[in-house]
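So the sequence shown is numbered by the numbering used here: it starts at 510 and just counts up by one.
Just so it is clear, CB atoms sit at the ideal spot from N, CA and C, and this is done for glycine as well.
The structure appears below as C-alpha cells.
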Amino acid sequence: MDIKQREKYWKENLKYLGILLAIWFLVSFGFGILLVDQLNAFKLGGVKLGFWFAQQGSIYVFVILIFVYVRLMNKLDKKYNLDA
510 MDIKQREKYW
520 KENLKYLGIL
530 LAIWFLVSFG
540 FGILLVDQLN
550 AFKLGGVKLG
560 FWFAQQGSIY
570 VFVILIFVYV
580 RLMNKLDKKY
590 NLDA
C-alpha cells in the first residue's frame with residue numbers, strides 16, 4: 510500500500526472514530542448528565558430514563574459501538590485490501 514492509500518485509510522479510520530466517540534459522548538454526557546431532567550419525565554422498565562442512561566444506557570451504547578467499529582473496520586480493511 511502506498512503513502513496516499515495509507516493516508517486515505519487513516520483518514521477514514523479517524524472519521525469513524527470521531528463519529529462513534531461523538532455518539533458515545535452524546536449518550537453518556539448528554540443524556541446521562543445534561544438532559545437527565547428532561548429524560549426523567551419518561552420511564553423505561555419502571556426506572557426514570559435519565560437515570561437509566563446515566564447508570565446503564567451509556568454502557569450498552571458503548572458495547573454496541575464497539576461492534577459497530579469492528580464492522581466498519583472490517584469493511585475498511587476489505588476496501589483497502591488489508592483483510593487477512
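What is the rounded straight-line gap between the Cα of residue i and the Cα of residue j?
i, j, result
"Leu591", "Trp561", "40 Å"
"Gln564", "Lys588", "38 Å"
"Leu585", "Arg515", "12 Å"
Just mark residue i as buried or exposed, buried being the case when its beta carbon has 16 or more other beta carbons within 10 Å.
i, result
"Gly610", "Absent from the model: residue 610. The displayed extent of the chain is 510 to 593, so no value can be given."
"Phe538", "exposed"
"Leu558", "buried"
"Val572", "exposed"
"Leu622", "Nothing about residue 622 can be read from this structure; the chain reaches only from 510 to 593."
"Leu548", "buried"
Mind checking who residue i pairs with in its DSSP beta bridge?
i, result
"Leu553", "Val556"
Closest to residue i by CA distance: which of the options is it?
i, options, result
"Ile568", "Phe551, Phe540, Leu548 and Leu581", "Phe540"
Check: Per the contact definition of three or more C-beta pairs closer than 8 Å, is the region 520-527 in contact with the region 573-582?
Finding: yes
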